[in-house]
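All remarks here apply to the structure that follows.
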Amino acid sequence: MLVNAVRQRRKEIEGKSEGGNEDGTLMSTLVAGMIRGEITEEEAIDNVVLLVFAAHDTTSYAIAMIFKMLAQHPKCYALLLQEHGELLSNEVPGENLSFVDVKKMKYTWKVARETMRLFPPIFGSFRKAIAALNARDSQFLEDGSILKVADMKTTLCLYIRPFRAVLSNQRRCWGYVQVLWTAYGTHYNTEYFKNPLSFDPRRFDEPIPPNAFVPFGGGPRM
51 MLVNAVRQRR KEIEGKSEGG NEDGTLMSTL VAGMIRGEIT EEEAIDNVVL LVFAAHDTTS
111 YAIAMIFKML AQHPKCYALL LQEHGELLSN EVPGENLSFV DVKKMKYTWK VARETMRLFP
171 PIFGSFRKAI AALNARDSQF LEDGSILKVA DMKTTLCLYI RPFRAVLSNQ RRCWGYVQVL
231 WTAYGTHYNT EYFKNPLSFD PRRFDEPIPP NAFVPFGGGP RM
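See the structure below:
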């Protein structure tokens, strides 16, 4: 099914003028890269399969939490409903919404972002320290498996791997270890979000500091 979908999308893009992937969907972006020779068909299909597999859980969880927040905050629900009503008033009855229409739902997106701030679909991710990691006032379990860094904004879990520990000026240095970061470290940090336990979509009216909002991690496409 996915193979046919990718090949069908390729036909549609090739049948249009340059810029035929302007709908902004991930599949169109992957297929456009395939047409340009940047990735193979197998790589495009593998990425689609991976995302479908990963998204069935994260998407359903995010949607469920959005409904929960809207049910608990009727004023927010009223504003969201008003936005949808205004958008639909300009649409042809029975016509499906386009990606362009979805991008116009500014308040709806703020509701989604605030929900994912409180309930991140992804708990965290692993990163490999390619240089020494310095920290002050750190705390460990006896086996050295958990690292709590007092002077950093996130909580890092240091999984047991071969590493060197060096004592110097009350610092410990670790190099080439695998580190787990968690979204909660910044999402609930009062330095970045006032009253972090409250549900307030309007907090996203203003720009958020880089890497403070990371429900799916970071990167150029986030």
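To convert, take the position in the sequence shown, counting from 1, and add 50; that gives the numbering used here. Even glycine gets a Cβ: it sits at the ideal position worked out from N, Cα and C. In this text, all values refer to a predicted model and were calculated from it rather than measured experimentally.
query, result
"When you compare the segment 53 to 67 with the segment 80 to 91, are there three or more beta-carbon pairs, one atom per stretch, that lie closer than 8 Å?", "yes"
"For the alpha helix (DSSP H) that contains Arg-60, what are its first and last residues?", "52 to 64"
"Helix or strand or just coil, what does DSSP make of Leu-129?", "helix"
"What separation, rounded to the nearest whole angstrom, lies between the Cα atoms of Val-115 and Tyr-127?", "Going by the sequence as given, residue 115 is Met instead of Val. Cα to Cα, the separation comes out at about 13 Å."
"To the nearest angstrom, report how far apart Leu-101 and Gly-87 are at their CA atoms.", "21 Å"
"Helix, strand or coil: which one does DSSP assign to Thr-108?", "helix"
"Rounded to whole angstroms, what's the CA-CA distance from Val-161 to Phe-263? Just pull it up for me.", "14 Å"
"Kindly identify the DSSP beta-bridge partner or partners of Pro-265.", "Gly-267"
"What residues in its chain sit with their C-beta under 8 Å from that of Phe-249, if we drop five residues either side in the sequence?", "Met-119, Gln-122, His-123, Cys-126, Glu-164, Thr-165 and Leu-168"
"Classify Thr-240 as buried or exposed, calling it buried when 16 or more other Cβ atoms lie within 10 Å of its own Cβ.", "exposed"
"By the 10 Å Cβ neighbour count, where 16 or more other Cβ atoms means buried, how is Leu-130 classified, buried or exposed?", "buried"
"Rounding to the nearest angstrom, what Cα-Cα distance links Phe-6 and Asp-151 in this structure?", "Residue numbering for the chain in the displayed model covers 51 to 272; residue 6 lies beyond these limits and cannot be assessed."
"Sort Pro-265, Asp-107 and Gln-58 by Cα distance to Gly-174 and report the nearest one.", "Pro-265"
"How is the alpha helix (DSSP H) around Glu-164 delimited, first residue to last?", "156 to 168"
"Going by the CB atoms, is the gap between Val-56 and Ala-104 shorter than 8 Å?", "no"
"Only counting the same chain, and skipping five residues up and downstream in sequence, which positions put a Cβ closer than 6 Å to that of Thr-108?", "Pro-171"
"Can you find the residues in the same chain that come closer than 6 Å, C-beta to C-beta, to Glu-145, ignoring five residues on each side of it along the sequence?", "none"
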